[in-house]
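K.L.:
Numbered according to full-length UniProt numbering, the sequence shown spans residues 1 to 127. One structure, as structure tokens, below. Some questions next.
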Amino acid sequence: MNDLPEISYAAKTNECEIAGSTTCFERIADLIDSGTGRIAAAVHDPAPYDAAPAKLTVRRTEGLVRVLVSDDEVVIEGGAESLAVLADSLRGPVDLVNGSYHVHIEYFPDHFYLAEDSHPLVVRWVA
């Protein structure tokens, strides 16, 4: 896998998946920490998802983190503290069992850094 993330989106469930190497996720985490910017996504076949958004955009706003999909773009926005929690969850040593590892980042009542209207996010690290 190259160092661009592969982003996929399922319209029926609003689930978004971001797949990449640990180096790729370090870059994404740095972008989230900075609170603003954009990263292009790799062109790929999104199956079994419906679409492959072309870019990931980060915006520092106020409040809890929201992950949204708009046209061909995934937008991550939120206040500095909440964005920092998300960025930290993308960093660090990941034990790549059989070459990959994934986590689901989804809202639940009283979530401490995700907004209720945030789309579900799957983060998949690949070797």
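By construction, the Cβ of each residue, glycine as well, lies at the ideal position given by its N, Cα and C atoms.
Applying the 10 Å Cβ sphere with the 16-neighbour rule, what's the burial state of residue 29?
P.N.:
buried
K.L.:
Select from 74, 13, 121, 15 the residue whose C-alpha is nearest the C-alpha of residue 89.
P.N.:
121
K.L.:
Can you tell me which of the three DSSP states residue 70 falls into?
P.N.:
Looking at residue 70 - three-state DSSP - the assignment turns out to be strand.
K.L.:
What's the C-alpha gap between residue 114 and residue 40?
P.N.:
24 Å
K.L.:
What's the C-alpha gap between residue 61 and residue 79?
P.N.:
5 Å
K.L.:
Using the C-alpha atoms, what's the distance from residue 98 back to residue 66?
P.N.:
Near 31 Å, if we compare the C-alpha coordinates of residue 98 and residue 66.
K.L.:
What do you get for residue 20, buried or exposed, if any count of 16 or more other CB atoms within 10 angstroms of its CB means buried?
P.N.:
With a threshold of 16 other beta carbon atoms within 10 Å, residue 20 meets it and is buried.
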